[in-house]
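Asks: Structure in structure tokens, see below.
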Amino acid sequence: PVNQADLSMLDLFRLELETNAAILDAGLVALEGDQRPEQVEPLMRAAHSVKGAARIVGLPLAVELAHAMEDLLEACRQGRMHLAPGHIDLLLSGNDVFSRLAGLPTPRIPDELAGMADRIAQARELLAHCLAAPDAPVTPDAPVAPPPQGAVTTTADSPPDQATIPPPGTETPPAGATPGPPTAAPSREAPPEAGAAAGEQVVRITAANLNRLMGLAGECLVEARSLAAIGGLFQRLKADQDALSGLLSLLCGLREAAPPGATGGPAFRQPTRPDTGFSGGCDENLARAGRILSGSREALLQGMERFDLFARRLENLADRLYNEVIDSRMRRFSDGLHGFPRMVRDLARDLGKRVTFTVAGQATKVDREILERLEAPLNHLLRNALDHGIEDPAERARAGKPETGVLTVSARHYAGMLAITVTDDGRGLDPERIRAKVRDRGLASPEMAAALSDAELMEFLFLPGFTTAGKVTEISGRGVGLDVVHSMVRDVGGQVRAESRPGEGMGFFLRLPLTLSVVRTLLVDVAGEPYAVPLTRIDRILSLAPEEIRELEGRQYCLFEGDTIGLAPAWRALGVRESARPTAAAARPSGLAVVVISDRLSRYGLVVENFLGERDLVVKPLDPRLGKAPGISAASVMEDGSPVLILDVDDMVRAVDNLLGRGRLDRVGEAVKRQDVRTRRILVVDDSLTVRETQRRLLSNRGYEVETAVDGMDGLHALRGHDFDLVVTDVDMPRMTGIELVRQIRADARLAALPVMIVSYKDREEDRLQGLHAGADYYLSKGSFQDESLLAAVADLIGGPEA
Numbered sequence: 054p055v056n057q058a059d060l061s062m063l064d065l066f067r068l069e070l071e072t073n074a075a076i077l078d079a080g081l082v083a084l085e086g087d088q089r090p091e092q093v094e095p096l097m098r099a100a101h102s103v104k105g106a107a108r109i110v111g112l113p114l115a116v117e118l119a120h121a122m123e124d125l126l127e128a129c130r131q132g133r134m135h136l137a138p139g140h141i142d143l144l145l146s147g148n149d150v151f152s153r154l155a156g157l158p159t160p161r162i163p164d165e166l167a168g169m170a171d172r173i174a175q176a177r178e179l180l181a182h183c184l185a186a187p188d189a190p191v192t193p194d195a196p197v198a199p200p201p202q203g204a205v206t207t208t209a210d211s212p213p214d215q216a217t218i219p220p221p222g223t224e225t226p227p228a229g230a231t232p233g234p235p236t237a238a239p240s241r242e243a244p245p246e247a248g249a250a251a252g253e254q255v256v257r258i259t260a261a262n263l264n265r266l267m268g269l270a271g272e273c274l275v276e277a278r279s280l281a282a283i284g285g286l287f288q289r290l291k292a293d294q295d296a297l298s299g300l301l302s303l304l305c306g307l308r309e310a311a312p313p314g315a316t317g318g319p320a321f322r323q324p325t326r327p328d329t330g331f332s333g334g335c336d337e338n339l340a341r342a343g344r345i346l347s348g349s350r351e352a353l354l355q356g357m358e359r360f361d362l363f364a365r366r367l368e369n370l371a372d373r374l375y376n377e378v379i380d381s382r383m384r385r386f387s388d389g390l391h392g393f394p395r396m397v398r399d400l401a402r403d404l405g406k407r408v409t410f411t412v413a414g415q416a417t418k419v420d421r422e423i424l425e426r427l428e429a430p431l432n433h434l435l436r437n438a439l440d441h442g443i444e445d446p447a448e449r450a451r452a453g454k455p456e457t458g459v460l461t462v463s464a465r466h467y468a469g470m471l472a473i474t475v476t477d478d479g480r481g482l483d484p485e486r487i488r489a490k491v492r493d494r495g496l497a498s499p500e501m502a503a504a505l506s507d508a509e510l511m512e513f514l515f516l517p518g519f520t521t522a523g524k525v526t527e528i529s530g531r532g533v534g535l536d537v538v539h540s541m542v543r544d545v546g547g548q549v550r551a552e553s554r555p556g557e558g559m560g561f562f563l564r565l566p567l568t569l570s571v572v573r574t575l576l577v578d579v580a581g582e583p584y585a586v587p588l589t590r591i592d593r594i595l596s597l598a599p600e601e602i603r604e605l606e607g608r609q610y611c612l613f614e615g616d617t618i619g620l621a622p623a624w625r626a627l628g629v630r631e632s633a634r635p636t637a638a639a640a641r642p643s644g645l646a647v648v649v650i651s652d653r654l655s656r657y658g659l660v661v662e663n664f665l666g667e668r669d670l671v672v673k674p675l676d677p678r679l680g681k682a683p684g685i686s687a688a689s690v691m692e693d694g695s696p697v698l699i700l701d702v703d704d705m706v707r708a709v710d711n712l713l714g715r716g717r718l719d720r721v722g723e724a725v726k727r728q729d730v731r732t733r734r735i736l737v738v739d740d741s742l743t744v745r746e747t748q749r750r751l752l753s754n755r756g757y758e759v760e761t762a763v764d765g766m767d768g769l770h771a772l773r774g775h776d777f778d779l780v781v782t783d784v785d786m787p788r789m790t791g792i793e794l795v796r797q798i799r800a801d802a803r804l805a806a807l808p809v810m811i812v813s814y815k816d817r818e819e820d821r822l823q824g825l826h827a828g829a830d831y832y833l834s835k836g837s838f839q840d841e842s843l844l845a846a847v848a849d850l851i852g853g854p855e856a
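Heads up: the sequence shown is residues 54 to 856, going by my numbering.
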């Protein structure tokens, strides 16, 4: 039994063992080709650290094994011996003990180590024998320890100097059973038993990242407490407003009580009113009201300034905190590759091939969840490349290639996505061989198969069960691996494609989102409500004229770049009631808005009311109590706090396919052909009630539909919630000026093309240039304001009142 007081030290030991075992595993594989002292020193330090940590927690068997490995590495560093592949195998098998211990719950480590005492003793003897006789072949008689999960073991046909390490005590699969694909490495997360409650997941973040999070949390606390001072100002403003209201009530009473023709003054004082608390004559109370009004205005200005400053600081702080939290989810790409160098090395030797495995972009940041999901796809791609792609040395020599093949995995950030590439310089795939498989399996007619391009042929590789391998081996050949790759990539909203260079090599290119917590989307209007479609799942967006819509057997479609794309209304696929569709926005003036989506087999065009622009949305999973909402994958919140649903593209494709099968699709083109003439809408933004009302009446009388906003902020909210053809705005307004409103409009992808007219009392040339430079289309001075001049300017920008 383990002393509970020692568990905390064992936790630290397990974490340190995990780190150092990963260093040893990757370093020993690299050491086989490069045994310079600087390559050996990090491995010696790792073994030495394991030895010291094991001594502290009282694990003498681990101390002895680490010490024996350190001695052999020290002899290599000093140049007293060269490590042969058999020596590397022996060191790797010793490190398997550490990897196994690192993946166990903390309380099980001592007992597991004790159970491997005989094997560890044998390993120490073999290491000591290697040190005493460096040139003697390594021929172990028994295994040392089971390899870490996912490590590939060699077979009995290995060279005589190779130390084979099969897992002791593992069950042998029954005859005829298909071995499952091994994972590339053990999980790097701490097991739930190690300090976490049941059902909880434990993750590790760097101390620097945690310190930044703590600092930002402290700043948030300080900013939150600063609200008390702003609240005090608003309380003072409220008290002044109450006092002013009481004074106005008293003055109204004095006016009603005064004799006809009398003027206010001391002679007409009334007794104190119980509901106001004020007394005195009109002049005195007017002066008092003026003072209160002046004080409340000053308090209001101070409060607004402080609140604006607070809002800017809080927004900046929230952005920093959010980015820091996102960064805490990110890990280095190399963290997900532990075990792959070992797997490639062992599998290549098992196949009798020579391979150099390189990783580019090891420091690239990858979302923790995506990195975990990448394990199986990368494992399949690497095994396929080793089995089918890289030739054996004799074949490569006959082809004029170096006998050692090159297998490369790279990762980088590109265009807001994570781009991962797996390439080899092997034999590649002959497109004609794929074409023949497609034809033989009946996946396409002979005529269609003959017309397929190379890129289209490569798409067939990702179909379930599709393979070009001549035989099935334990490594590959069943056509399952690439299906796993495709499924994982589509599950996270990514894309994958293959590219073959016959005789030169093969490449697989994966494009994945940087994080699963934030998704880049296209907002679309469906039945008057916004919906978000992940950009990675959109093939195209189209704007179709009515005459471009064709019909065959009652089903509508369009042609684009030679492809036939079936059309379906998005509201029908979502199951929205038809009555919820706004008649005024049945179609865009420029044509039918279509979002083209697809899965492996089908491709359709969803007809929406309008495109609302691109947005980065924070993904919020739906409550599990709701079950699976058809067509919906998740939800999010817009900048103004309104909710938006994120579409499940695969669900939408299936829904359209079912509708086509039942013949229940509406005729989408009719919305464009029968749309009624609509009235152009104008938004008037001005803080002056008189000016707003004057402009509203003037434009309404001409036939335009007019809405008003009291300042720039109010106007911006109106623009984000409704569609307008023109904005007429003042310059000097509270909360947001007209100049800032114009800049916000031009910065919004959905509103950027909206015409904007500035109508202001500022008629200086520099004021006019400032408005035009901000992005206004027209600048009209109120000093020379005439009814016809405003109407002429509006007509010049958007035409008459009817669209």
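Just so it is clear, CB atoms sit at the ideal spot from N, CA and C, and this is done for glycine as well.
1. Which residue marks the beginning of the alpha helix (DSSP H) containing ALA100, and which one marks its end?
2. Taking its Cβ as the centre, do 16 or more other Cβ atoms sit within 10 Å of THR411, making it buried, or is it exposed?
3. Looking at the structure shown, is MET810 part of a helix, part of a strand, or coil, going by DSSP?
4. Given this structure, state the Cα-to-Cα distance separating PRO674 from ARG803, to the nearest angstrom.
5. According to DSSP, is TYR375 helix, strand or coil?
6. Can you check which of these residues, ARG153, ARG265 and PHE664, is closest to ASP776 by C-alpha distance?
7. Distance check for LEU576 and GLY666, CA to CA, integer angstroms please.
8. When the Cα of GLY893 is compared with those of CYS129, GLY442 and ARG89, which residue comes out closest?
9. Are the CB atoms of PRO394 and ALA83 nearer to each other than 8 Å?
10. For the stretch 456-468 and the stretch 413-426, state whether three or more C-beta atom pairs, one from each stretch, are separated by less than 8 Å.
11. Return the CA-CA distance between GLN175 and GLU123, expressed in angstroms with no decimal places.
12. Identify whether HIS135 lies in helix, strand or coil by the three-state DSSP scheme.
13. For the beta strand (DSSP E) containing LEU645, name the first residue and the last one.
14. How long is the line joining the alpha carbons of GLU512 and ARG384, rounded to whole angstroms?
15. Would you kindly work out how many angstroms separate the C-alpha atoms of HIS135 and MET541, rounded to a whole number?
16. When the Cα atoms are used, what is the spatial distance from ALA639 to ALA646?
17. Tell me whether GLY694 is buried or exposed, calling it buried when 16 or more other Cβ atoms sit within 10 Å of its Cβ.
18. Let's test the definition: count the other Cβ atoms within 10 Å of the Cβ of ILE76 and tell me whether it reaches 16, buried, or not, exposed.
19. Assuming LEU424 and GLY389 are in contact, meaning their beta carbons sit under 8 Å apart, how far apart are those beta carbons, in whole angstroms?
20. Going by alpha carbons, who is nearest to ARG366 out of ARG451, ARG590 and CYS273?
21. Is the separation between the beta-carbon of SER102 and that of ASN73 shorter than 8 Å?
22. Under the rule that 16 or more other beta-carbon atoms within 10 Å means buried, what is ARG678, buried or exposed?
23. Around the C-beta of HIS770, are 16 or more other C-beta atoms found within 10 angstroms, so that it is buried, or is it exposed?
24. Report the option in ASN376, ALA181 and LEU353 whose CA atom is closest to the CA atom of ARG265.
25. Hey, how far is the Cα of GLY405 from the Cα of GLU178?
26. Among SER689, ARG707 and ARG668, which has the Cα closest to the Cα of GLY628?
27. Write down the C-beta distance between ARG745 and THR732 rounded to the nearest angstrom, noting that I regard them as a contact closer than 8 Å.
28. Which two residues bound the contiguous beta strand (DSSP E) that contains THR790?
29. Take every Cβ of the stretch 289-298, pair it with every Cβ of the stretch 340-352, and state whether three or more of those distances are shorter than 8 Å.
30. Where does ALA364 sit, in a helix, a strand or coil, going by DSSP?
31. For ILE473, collect the residues of the same chain with a Cβ closer than 6 Å to its Cβ; drop the 5 residues on either side in sequence, then sort them by chain order.
32. By how many angstroms is the C-alpha of ILE650 removed from the C-alpha of PRO787?
33. State the Cα-Cα distance for the pair PRO44 and GLU614, rounded to the nearest angstrom.
34. Assess contact between the stretch 779-786 and the stretch 797-817, defined as three or more Cβ pairs (one per stretch) separated by less than 8 Å. Is contact present?
35. Once you ignore the five residues that flank LEU69 on each side, which residues in its own chain have a CB closer than 7 Å to its CB?
36. Mind pulling the beta strand (DSSP E) runs of 3 or more residues that sit fully within the stretch 404-471?
Replies: The relevant details are as follows:
1. Here residue 100 corresponds to residue number 47 of the sequence shown, with the count starting at 1. Per DSSP, ALA100 belongs to the alpha helix (DSSP H) from 90-110.
2. The residue you call residue 411 lines up with position 358 of the sequence shown. Classification for THR411: exposed.
3. Position 757 of the sequence shown, counted from the start, is the residue given in the question as residue 810. The answer is strand: DSSP assigns MET810 an E or B state.
4. One-based indexing of the sequence shown puts residue 674 at position 621. One-based indexing of the sequence shown puts residue 803 at position 750. Answer to the nearest angstrom: the Cα atoms are 26 Å apart.
5. Here residue 375 is taken as the residue at index 322 of the sequence shown, counted from 1. In the structure shown, TYR375 sits in a helix (DSSP, three-state: H, G or I).
6. Within the sequence shown, residue 776 is the residue found at index 723, counting from 1. Nearest of ARG153, ARG265 and PHE664 to ASP776, Cα basis: PHE664.
7. Within the sequence shown, the letter at position 613 stands for residue 666. Within the sequence shown, the letter at position 523 stands for residue 576. If I take the Cα positions, the gap works out to 6 Å.
8. Past the edges of the chain, shown from 54 to 856, lies residue 893, and the structure says nothing about it.
9. The count along the sequence shown starts at 1 and reaches residue 394 at position 341. The count along the sequence shown starts at 1 and reaches residue 83 at position 30. Yes; because the gap between Cβ atoms is below 8 Å, this pair is in contact.
10. yes
11. Position 122 of the sequence shown, counted from the first residue, corresponds to residue 175. Position 70 of the sequence shown, counted from the first residue, corresponds to residue 123. Their Cα atoms are separated by approximately 16 Å.
12. Residue mapping note: residue 135 aligns to position 82 of the sequence shown, counting from 1. HIS135: coil per DSSP, three-state reduction.
13. What you label residue 645 is simply residue 592 of the sequence shown in a count that begins at 1. Taken as a continuous stretch (DSSP letters only), the beta strand (DSSP E) holding LEU645 covers 645-651.
14. Here the question's residue 512 lines up with position 459 in the sequence shown. Here the question's residue 384 lines up with position 331 in the sequence shown. Each residue's Cα considered, the two are about 31 Å apart.
15. Against the sequence shown, residue 135 aligns to sequence position 82. Against the sequence shown, residue 541 aligns to sequence position 488. Each residue's alpha carbon lies about 43 Å from the other.
16. If you number the sequence shown from 1, residue 639 lands on position 586. If you number the sequence shown from 1, residue 646 lands on position 593. Reliability of the predicted coordinates at ALA639 is poor, the pLDDT of 42 falling under 50, and the value obtained from them is presented with this limitation in mind. In a straight line, the C-alpha of ALA639 is about 10 Å away from that of ALA646.
17. Your numbering for residue 694 matches position 641 in the sequence shown. When all chains shown are included, GLY694 counts as exposed.
18. Within the sequence shown, residue 76 is the residue found at index 23, counting from 1. Flag for ILE76 reads buried.
19. Position 371 of the sequence shown, counted from the first residue, corresponds to residue 424. Position 336 of the sequence shown, counted from the first residue, corresponds to residue 389. Confirmed, Cβ separation roughly 4 Å.
20. By 1-based counting over the sequence shown, the position of residue 366 is 313. ARG366 has its Cα closest to that of CYS273, out of ARG451, ARG590 and CYS273.
21. As a working note, residue 102 is residue 49 in the sequence shown. As a working note, residue 73 is residue 20 in the sequence shown. Yes, they are a contact pair.
22. Start at 1 with the first residue of the sequence shown, and residue 678 comes out as number 625. Exposed, by the Cβ-count rule.
23. Position 717 of the sequence shown, counting from 1, holds the residue named residue 770. With fewer than 16 other Cβ atoms within 10 Å, it is exposed.
24. Numbered from 1 along the sequence shown, position 212 holds the residue referred to as residue 265. Checking every option, the nearest Cα to that of ARG265 belongs to ASN376.
25. Stepping through the sequence shown from its first residue, residue 405 is reached at position 352. Stepping through the sequence shown from its first residue, residue 178 is reached at position 125. Computed Cα separation, rounded: 29 Å.
26. For the purposes of this step, residue 628 is taken as the residue at position 575 of the sequence shown. Closest option to GLY628, Cα to Cα, is ARG707.
27. As a working note, residue 745 is residue 692 in the sequence shown. As a working note, residue 732 is residue 679 in the sequence shown. Wrong, their Cβ atoms sit about 19 Å apart, outside the cutoff.
28. As a working mapping, residue 790 is identified with position 737 in the sequence shown. Taken as a continuous stretch (DSSP letters only), THR790 belongs to no beta strand (DSSP E), as it is neither H nor E.
29. yes
30. Walking along the sequence shown from the start, residue 364 turns up at place 311. ALA364: helix per DSSP, three-state reduction.
31. Here residue 473 refers to the residue found at position 420 when the sequence shown is read from its first residue. ALA464 and LEU563, listed in sequence order.
32. For this step, residue 787 is matched to residue 734 along the sequence shown. For this step, residue 650 is matched to residue 597 along the sequence shown. Approximately 45 Å, taken between the alpha carbons.
33. Because the chain in this structure spans residues 54 to 856, residue 44 falls outside the shown range and cannot be described.
34. yes
35. If you number the sequence shown from 1, residue 69 lands on position 16. Leu is not the amino acid found at residue 69; the sequence shown has Glu there. The residues are SER102 and ALA106.
36. 407-413, 418-420 and 457-467
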